[in-house]
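Under the UniProt record's numbering, think of the first position of the sequence shown as 3, with each following residue one higher.
All C-beta atoms in this analysis are idealised placements derived from N, C-alpha and C, irrespective of residue type, glycine included.
Since the structure is predicted, the reported quantities are computational estimates derived from the model, not experimental observations.
Everything on this sheet refers to the single structure shown next.
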Amino acid sequence: EKRLTPFEALGEETLHRLVDTFYGLVAQHPDLAPIFPNQFTEIARKQKQFLTQYLGGPSLYTEEHGHPMMRARHLPFPITPTRAKAWLSCMRMAMDKIGLQGPLRDEFYSRLFLTAEHMINTPEDEN
Ligand code: HEM
């Protein structure tokens, strides 16, 4: 009996819907919108690739962009504790909107929580 990866359990279609819903919320969040580009098409595409491999699916992000090095890739952007909280709150809202519940949501969110904390690179008063 082969266990499903979280990517397989979630499904590509649901993951894509989550990412699109998430960036729709980021675009409207006053703490986040200013550090993102006006167009979310490209970042949503990259995030779909990244989260696919993060959840145990094919290595789509690495194939196109190389080693993820997510903390390094975020260094050009001031990620304060407030922005990490805002990012996570948009993710929870997106999960709510698409109706993602249960252990799969909880495990996915716990990992994202740790990754988001790890991305913080700027103290609160320097943003
Ligand atoms: C890129 C913000 C956390 C995955 C970016 C960009 C910003 C950003 C501003 C660049 C957008 C551009 O292309 O101009 C944030 C903030 C976070 C956060 C404020 C709060 C902690 C995360 C987390 C993940 C993630 C937790 C993954 C689980 C990505 C990916 C990209 C990206 C895959 C595209 C990287 C590339 O250019 O190849 N993020 N991010 N981010 N972020 Fe985040």
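Taking C-beta separations shorter than 8 Å and ignoring five residues to either side along the sequence, the partners of E109 in its chain run P8, following chain order. For the ligand HEM, no non-hydrogen atom lies closer than 7 Å to the CB of F110.
Placement of the Cβ of F38 at a distance of less than 7 Å from at least one heavy atom of the ligand HEM is found.
A residue is called buried once 16 or more other Cβ atoms fall within 10 Å of its Cβ, and M93 is buried on that count. Relative to the ligand HEM, the beta carbon of M71 is positioned no closer than 7 Å to any heavy atom.
Between the ligand HEM and T117, a heavy atom-to-CB distance of less than 7 Å is present. Taken atom to atom, the span from the alpha-carbon of A96 to that of P83 is near 20 Å. Look at H76: its beta carbon is less than 7 Å from one of the heavy atoms in the ligand HEM. Within the chosen limit of 7 Å, the ligand HEM does not reach the beta carbon of M95 with any heavy atom. Here the stretch 9–28 lies against the stretch 47–56, with 3 or more beta-carbon pairs under 8 Å apart. In the assembly as shown, R85 is a buried residue. Its beta-carbon has 16 or more other beta-carbons within 10 Å.
Shown here, G68 sits in coil according to DSSP, grouped into three states, outside any helix or strand.
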